[in-house]
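Have a look at the structure below, then the notes.
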Amino acid sequence: ALKSLRAQISYIEQDVFLFSFSVFENITFGKLGSKEKVIEAADQAQANDFIEKLPKGYDTKIGERGVLLSGGERQRIAIARAFLADPRILILDDSTSAIDSNTEDKIQYAIKNILRNRTTFLITHRLSQIRWADLIIVFKDGKIEAKGDHQELLRTSEEYRKIFVKKFDLDEQELIKGVV
């Protein structure tokens with residue numbers, strides 16, 4: 014029962030753990046995957062381009078804990094692994110913190126499309142990642158301060174609105190009226 018549940022969950026954290034295997038083996042770790050499926054998952058995770066530029070492409074050994082890759086590249090490999098695993102539940106814990114915003118937007122679009130009708134928990138400080146979520150839970154001092162979708166929270170949660178206004182340098186009154 015517990016083993017079955019674990020098999021349905023993928024967890025991607027900020028500090029990704031990779032093995033000193035090849036890129037291909039790190040993406041397929043614990044799962045079977047054809048070369049085509051691995052490339053498709055890497056492409057959706059915005060990783061295929063940099064992988065193809067590595068000395069041996071998908072066969073490149075990435076060193077202990079992936080030291081030969083940048084933080085953003087390691088995170089994209091972990092995201093490709095999750096896409097390949099095709100989980101029913103995905104937990105993303107600041108999983109795109111080392112990725113630039115343009116790449117992050119593309120990954121978020123892929124996550125939104127691939128994981129439709131699945132449960133996804135997104136733990137983040139980046140507001141740009143959560144606007145598309147069906148349900149956002151705002152915590153303050155360890156307690157739930159508010160919950161709802163992005164538009165609802167902008168209207169009803171002073172705490173969420175403050176964070177959003179500060180982050181994007183917006184006028185709070187215009188935001189409330191829906192002008193922004």
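Residues in the sequence shown are numbered from 14 upward in steps of one, following my numbering. We put the beta carbon where it would ideally sit given N, CA and C, even for glycine.
Nearest-angstrom Cα separation, counted from residue j out to residue i
| i | j | result |
| --- | --- | --- |
| Gly70 | Leu105 | 26 Å |
| Phe103 | Lys179 | For the record, residue 103 in the displayed sequence is Leu; it is not Phe. Leu103 and Lys179: Cα-Cα distance of roughly 29 Å. |
| Val29 | Gly85 | 10 Å |
| Arg168 | Asp162 | 10 Å |
| Leu82 | Ala60 | 11 Å |
| Ser170 | Leu135 | 19 Å |
| Gly46 | Asp118 | 26 Å |
| Leu148 | Arg101 | 17 Å |
| Gln21 | Lys44 | 12 Å |
| Lys175 | Val151 | 12 Å |
| Gly155 | Lys16 | 30 Å |
| Ile124 | Ile52 | 16 Å |
| Ser114 | Lys160 | 25 Å |
| Ala58 | Arg78 | 19 Å |
| Glu158 | Arg144 | 17 Å |
| Lys48 | Phe37 | 8 Å |
| Lys153 | Asp107 | 18 Å |
| Asp72 | Ala95 | 19 Å |
| Thr137 | Phe32 | 25 Å |
Cβ-Cβ distance between residue i and residue j below 8 Å
| i | j | result |
| --- | --- | --- |
| Ala54 | Ile64 | no |
| Ser35 | Lys74 | yes |
Residue burial classification, residue i (beta-carbon count within 10 angstroms, cutoff 16)
| i | result |
| --- | --- |
| Thr132 | exposed |
| Phe177 | buried |
| Val192 | Summary for Val192: the model assigns pLDDT 41, below 50, so the residue's position carries little reliability; its value from the coordinates is reported in the next sentence. With fewer than 16 other Cβ atoms within 10 Å, it is exposed. |
| Leu166 | buried |
| Gln121 | buried |
| Leu97 | buried |
| Arg129 | exposed |
| Val80 | exposed |
| Gln164 | exposed |
| Ile40 | buried |
| Arg87 | buried |
| Leu18 | exposed |
For residue i, the first and last residue of its enclosing alpha helix (DSSP H)
| i | result |
| --- | --- |
| Gly161 | Careful: Gly161 lies outside any alpha helix (DSSP H), inside the beta strand (DSSP E) at 156-161. |
| Ile52 | 48-57 |
| Leu240 | Because the chain is modelled from 14 through 193, residue 240 falls outside the range shown and cannot be assessed. |
| Phe63 | 61-65 |
| Ile40 | 36-41 |
Start-to-end residues for the beta strand (DSSP E) that takes in residue i
| i | result |
| --- | --- |
| Phe134 | 132-136 |
| Leu82 | No beta strand (DSSP E) holds Leu82; DSSP gives it neither H nor E. |
| Ile149 | 149-153 |
| Leu12 | Nothing in the structure corresponds to residue 12, since the chain is present only between 14 and 193. |
Proximity test, residue i beta-carbon vs the ligand HEM heavy atom, cut-off 7 Å
| i | result |
| --- | --- |
| Gly84 | By its list of ligands, the structure shown contains no ligand whatsoever, and the ligand HEM lies outside what it can speak to. |
Is it a yes or a no for the stretch 21-35 touching the stretch 85-92, going by three-plus beta-carbon pairs under 8 Å? Contact between the stretch 21-35 and the stretch 85-92 is present, because at least three Cβ pairs lie under 8 Å.
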